[in-house]
Structures are given as C-alpha cells and as structure tokens.
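Worksheet: the structure to be examined is printed underneath.
Number of protein chains: 2
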Amino acid sequence: MTIKEVASQLGVSASTISRALARPELLSTETRERVLEAVDRLGYQPNLVARALRLQETRLIYVVIPTLSPFFLEVFRGVERGARETGYAALVGHTGRNVQREQLFLDQVASYRGDGVILVTSSDPAALLARRKRMPPVVAALEEIEGLAAPAVRVDHRKGAVDATNHLLALGHRRVAYIGGPEGQVIAGHRREGFHLAMNQAGLDPDGYPYLAVDYAVELGEQAMESLLTLHPPPTAVFAGNDEIAIGAIRAIKRVGLQVGRDISVIGFDDQRLASLYEPPLTTIRVPTEELGYRAILMMVDQLQGRSTEEDIVLPTSLVIRSTTGAPRA
Amino acid sequence: MTIKEVASQLGVSASTISRALARPELLSTETRERVLEAVDRLGYQPNLVARALRLQETRLIYVVIPTLSPFFLEVFRGVERGARETGYAALVGHTGRNVQREQLFLDQVASYRGDGVILVTSSDPAALLARRKRMPPVVAALEEIEGLAAPAVRVDHRKGAVDATNHLLALGHRRVAYIGGPEGQVIAGHRREGFHLAMNQAGLDPDGYPYLAVDYAVELGEQAMESLLTLHPPPTAVFAGNDEIAIGAIRAIKRVGLQVGRDISVIGFDDQRLASLYEPPLTTIRVPTEELGYRAILMMVDQLQGRSTEEDIVLPTSLVIRSTTGAPRA
DNA sequence: TTGAAAGCGGTACCAG
DNA sequence: CTGGTACCGCTTTCAA
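Going down the list, the sequences are from chains A and B. Start counting the first sequence at 1030; every next residue gets the next number (this note's numbering). Start counting the second sequence at 1030; every next residue gets the next number (this note's numbering).
Laid out in structure tokens, this is it:
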C-alpha cells in the first residue's frame, strides 16, 4: 500500500495525500477528511525509508552503551524521555567494550540510518579520532571524549571520588584502600585521581595499599578484597570504583566473618539499583544517570537543528549514606 | 559523499562503484582495485536508506521486550548472536508493558524501518489481533501469542511450574503457597496452572493458601510473603512466579528471623543472574533465554527468506537446585 | 566489462 | 487549494 495507490483510489494526487498527513491545514476541510478517512480505512502507513531519503533525516538517534548493565540503561531511559518530547525515536546498541562494534554503530549512523549517536563513554577514544570514514553527529554522555569535537554531558568523576574519600576520612579512617575500575579506562582514571587528591590533602599516602584495578564485576571485587584482607594491618575502609566492585568486596568481608560498616567500611560509586537493594544497603556516590541521558538527547537535537552546540554540561554527583560505612573500631 | 561523486572523481559510472562493492567479480581486476582504493581513500559510505528503498529490505530486526530487565536482555543477546551470523542487525526496544508503545514499534517496522519484529511476549495480544494497519513479519519469543499467525520459540511454562512444585513436594512439603506474576498475563497464567496441576496430582489443595498475584518486583514479593507469614499455620514452602518475587519473599522471611531453606523453602522461576548471586543462592527453574533469542532470529530470517516457517519450537526448562529449598523441619 | 536509465516511495516546489 | 514533476541515492536490468 503506497501513497500512489491511496491517491488513485480516491482520485486525487499523491501530493494531496502527503499534505493531508504532513500539513493538513493546507487542504480544504472536505478533502482532508476524505483523505484521512481513506488512509485509516486502508491502513496506509507511509514508508519511512522513502521519507528519510527525501528529507535527509531519519528522526532516529542511536545510543551506544558499553554493556547492557542497568546503570547504562538508565542513561538510555533518560534519552528516551527526551526523544519523546522532541519527536525523535531512540534505539540502544551495546558494544561489550569492543572497539569494532563501536565503529559498527558509528558506521550505521554514518550511513544515514540514524541522525546522530549518543556515546555513553567510548571504548576507544583513539580509534574515534583516527576514524577515516564520515563521523556522524555525536554527543558524549557520562564522560567527555578527549580530543573529539563533540559536546559532552557528564559528571565530575574526580570530585565524586574526592567526596567519597572525604566521607571515609571524616569518619576517622586512616587506613584506606582503593579498588578501582579497569586500567586505561578514562572514567576509572578520573575516579582514581580523586582518591589520590583527597588522600594527599589529608596528608595520607594514597599508595599505602596496593592499587588494584579490576573490571566492573562482583566476582573481581571479591578477589581484590580477599587479597587486601591478607595484608597486615588490613585497611579499615575501602573505596570501590563502582557498586559492583563494592558488593564483591563486601562479600569477601562477610565471608571472613567481619561486619561491614563496623569492622570495615566500604563505599561504592554510581548508586546502581542493587546498591539500595543489597543487604546491608550500600553507601555510594550517586550519578544522575537518567538526567544525563535526558540532557544528552536535548543537546543532540539542538545540534541537529543547528542551535548553538553549547559548552559541556556538568551535572553534580551526591553522596548517599546508607549502612556500609561507619567509624573505625576503637 | 555519494556514489555519483565517487564515480565522477574516478571517471567511471555510478554502476561501476555499486558493482565494485556488491558484486566485485563482475569487474576487471584493474577497475575493481581502482574503485576500492578510491572508496577507501574518500571514506565513502553507501547510503543505507537509499539502498533499503531500492532493495525493499533493511536487514534490520527489531526486538521488542516488556522491560529492560536482565532477563529479557538475555533473549536479546541471543538474537544479536544469530543476527551476526546471518548478516542482519538487531535493535531492542522496550514497551514498559504499555500497549501503545508496543504498537508504536510495530508501526515503525510496518513502515519499513525494519524487516521484522521479534516480540518477547506481548503486552496485549488482543490489540495485536485487532490491528488494522499492516502487520510486519513477527516471531513470538518466550511465549506464543494466542490467535496470532506468528511462529513462536518458547518454553513450556506449565511444565516448568510442575517441576518446581514437584521439587518442593518431593522434599516432603505439604503446606505450599504460590505467589504468582501479574493477573491476566499469559505466562503468569501458565505457571499458575502448572502449580495447580502438580498440587492436585499430589492430592493437595492448590488453594490452601490465598493466591497472591503481584508484579515482578522484589518489593511486591516481599509484601506478599509478609501477609503469608501472618497465617496460621504458615506455609513451609513457597513457589514464586519469578526470581524477583522469590527474592522479595526471602527478604521477608529473613526479616522475621527465620532461615530460608530450613524453616521455609523458596523456589523461583527464570534463573536470572541475581538468582545465583544472591545470598543464599536461589533454587529456581532455568529458562534458556539466550537460546530462545537465538532460535527466534533464525526463525525470523527463515521466514523473511521464504523458507518454511515451521512449527513452534519448544525449548526445555530445567530445575536448578541451590540453597533456598530443603526438607520441612520435623 | 562498462554505461545509461528506470524506479523504489515519498516530499516540496512551481503552476494554475 | 490541488496537481505535475523533479529529485533524494542506490541497484539493476538492458544495451553496447
């Protein structure tokens, strides 16, 4: 069922059908109603591919996230909300932190399947800069992409990490260890810097305990904590690079019969859903993920519609105190 | 950068460029290499929208899931794997169990944005049947859609529920309660039927405890269990409609100081990721979600390429015994 | 082995 | 207010 078929059924031109759908005010009331009735009766659906080719826009935004974890999906939710408000559609893809898959999504959009890409962190900023093919409109979310001329909506991971560390220090902890995210990852780097900053400021050695870099997984946090517990003296507080690592650490602590929040304090980062659900509920740094996504799509739409691609937007993190941190035992 | 621009740069026709990319064997070695070099040098990317319009196919499959929970995303992972193997791309959308959003996705594909839709359960089978607009090629996953002429890749939820119930009965439980999924939902209905079947077969009254239907959420499972615990005598075992409900139930049990697996047994359904991660690890019925998605996309591709749209595929569930079930206390 | 031209299904300009 | 027509970028006959 094409526009021409509908037109000939009604004895009008294709233009008239098109107008009835796109700019109904241009038609006489009578024709308009006749057309709309027929469109409904025949179940006509405009071919979006043809429209996109003609209009040179798809009204589709791709959101590319590293993994399908609830944390990143929350960003996507924000994008969806903003997309609805602005008449766009949004679709997610995940890369599994695989550089080639990231490029594949860029290719799709560069090939005009979508109007733009919201990159929720990049698996490989260097590859992005080296890209030879067309680069579609990009907005970076969660973290800027160094060297790339794309606006970013992000949080200050460094400051969040300073806040987390200071919370532990304010409770009286002096033997504080850090279990961080993957080596080489931009966000993990910034969080680590924040830890260093705060420790140095307090006159403490940030490298008093070995710096353990692991992937964002419960199991790996658990292993890292195990090795920390073999040290003498063990730390009285641990700052974990994200909530999953923190939960892993807590599991290890529980397993040796110690009590989290009393014997050893643990603070996470992100405030993922499981942070509040876990027992005991996790003290952590909240990242406003949904809001991040929402602002990112608005920025993208601004960019697409030629409005000022402003400066980066930096959203605040906040400390959420629950039950896994407390004063060190006397 | 269009195909014509590349062509004129090289002094050949657009057809030649097209052929170099699609059917290189038709060209002389020399032209082919000249063209491919130029394509690479200029960073030319074919416009997929134009190609789709011409070819009348997008090679894109939409996967529509009710929520972005890890359970459904696992199905999507399977789809992606199969899509890669068959030269398709897959994209997820979620409906939030909102009927209109489900139709919106169907509209997108019916408007030729995609070649087909894999519906991972439907929020409203009735609306699907009543649909007046074009219905795109559909494959149902996880559960058939009653009345719709779409092939399904599914599991036998009824049998899985029978297995779960029998596991509790075999341990010696006689006072067994059921906390199910949302009223009116097809899958929840089937699981409930399985519970009834097994109880009746054992000569027990399936309605000995009130049937509590709640949404798939930890909090709601918790509330349901609380009310069950006020009963005299309380059940010695609970079959939960899915893992989230089960975890909620366990929280309620822990809170009153009882021990799960000893004082009260709990079995879930789905074997979501959190089932094995939870403490104690959850006994549950495993649904082969990834495999389900994989088979669904293969079925879809068969359908699109005109190969026999066979019968439904039914994959087996399996009982996974962990630590939340045990014999009733003497 | 290569080129010219038609056409996929819309939209928008220009006439009338 | 409505119709005719060109064109978006690609693929694929058909002809040379």
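Yeah, the Cβ is synthetic: ideal placement off N, Cα and C, and Gly gets one too. From a predicted model like this one, the values you see are computed outputs, not experimental measurements.
Given that residue i touches chain B, what residues does it touch there, using C-beta distances under 9 angstroms?
| i | result |
| --- | --- |
| R1163/A | M1030, G1072, Y1073 and Q1074 |
Give me the chain A residues within the contact set of residue i, using Cβ-Cβ distance strictly less than 9 angstroms, ordered along the chain.
| i | result |
| --- | --- |
| L1082/B | N1076, V1078, A1079, A1081 and L1082 |
Would a check of beta-carbon distances place residue i closer than 7 angstroms to chain A?
| i | result |
| --- | --- |
| L1102/B | yes |
At a Cβ threshold of 7 angstroms, is residue i touching chain B?
| i | result |
| --- | --- |
| L1097/A | yes |
Going by other Cβ atoms of all chains shown within 10 Å of its Cβ, with 16 needed for buried, is residue i buried or exposed?
| i | result |
| --- | --- |
| E1308/A | exposed |
| A1169/B | buried |
| V1167/A | buried |
| E1172/B | buried |
| T1045/A | buried |
| V1285/A | exposed |
| H1261/A | exposed |
| S1337/B | exposed |
| D1299/B | buried |
| V1343/A | exposed |
| P1345/A | exposed |
| T1259/B | exposed |
| I1350/B | exposed |
Relative to the alpha-carbon of residue i, which residue among the options has its alpha-carbon at the smallest distance?
| i | options | result |
| --- | --- | --- |
| P1075/A | E1175/B, K1162/B and A1231/B | K1162/B |
| P1310/B | G1355/B, I1326/B and R1187/B | G1355/B |
| A1036/B | I1216/B, R1052/B and L1065/B | L1065/B |
| T1312/B | P1235/B, V1041/B, E1273/B and L1102/B | E1273/B |
| R1183/A | E1340/A, V1349/A and T1353/A | E1340/A |
| G1201/A | V1267/A, G1218/A, A1304/A and Y1141/A | V1267/A |
| A1206/A | G1286/A, Q1214/A, A1227/A and I1216/A | A1227/A |
| R1142/B | V1078/B, T1318/B, R1048/B and T1265/B | V1078/B |
| N1271/A | R1315/A, T1150/A and L1258/A | R1315/A |
| R1302/A | F1100/A, G1189/A and E1054/A | F1100/A |
| A1051/A | Y1238/A, V1108/A and R1080/A | R1080/A |
| L1157/B | Q1214/B, V1295/B and V1128/B | V1128/B |
| L1102/B | L1197/B, Q1230/B, G1122/B and R1083/B | G1122/B |
| V1092/B | L1197/B, Y1238/B and D1144/B | D1144/B |
| N1229/A | T1115/A, L1198/A, A1155/A and L1241/A | L1198/A |
| R1130/A | P1095/A, R1070/A and H1219/A | P1095/A |
| L1333/B | L1039/B, D1069/B and A1112/B | A1112/B |
| M1062/A | Q1214/A, L1039/A, A1304/A and R1083/A | First, the residue type needs correcting, since residue 1062/A is Glu and not Met in the sequence shown. Closest by alpha carbon: L1039/A. |
Identify the contact partners of residue i in chain B, using a Cβ-Cβ distance below 8 angstroms as the criterion.
| i | result |
| --- | --- |
| V1068/A | Those do not exist, as V1068/A stays about 10 angstroms from chain B at its closest Cβ, beyond 8 angstroms. |
Just to make sure I have the definition right: I need the residues of chain B whose C-beta is within less than 7 angstroms of the C-beta of residue i. Which are they?
| i | result |
| --- | --- |
| L1306/A | V1247 |
(Q) Taking beta-carbon pairs under 9 angstroms, can you tell me which members of the segment 1121 to 1142 of chain A lie near chain B? (A) V1121, G1122, H1123, L1133, D1136, Q1137, A1139, S1140, Y1141 and R1142
Q: Give the residues from the segment 1244 to 1255 of chain B that approach chain A closer than 8 angstroms (Cβ to any Cβ), ordered along the chain.
A: V1247
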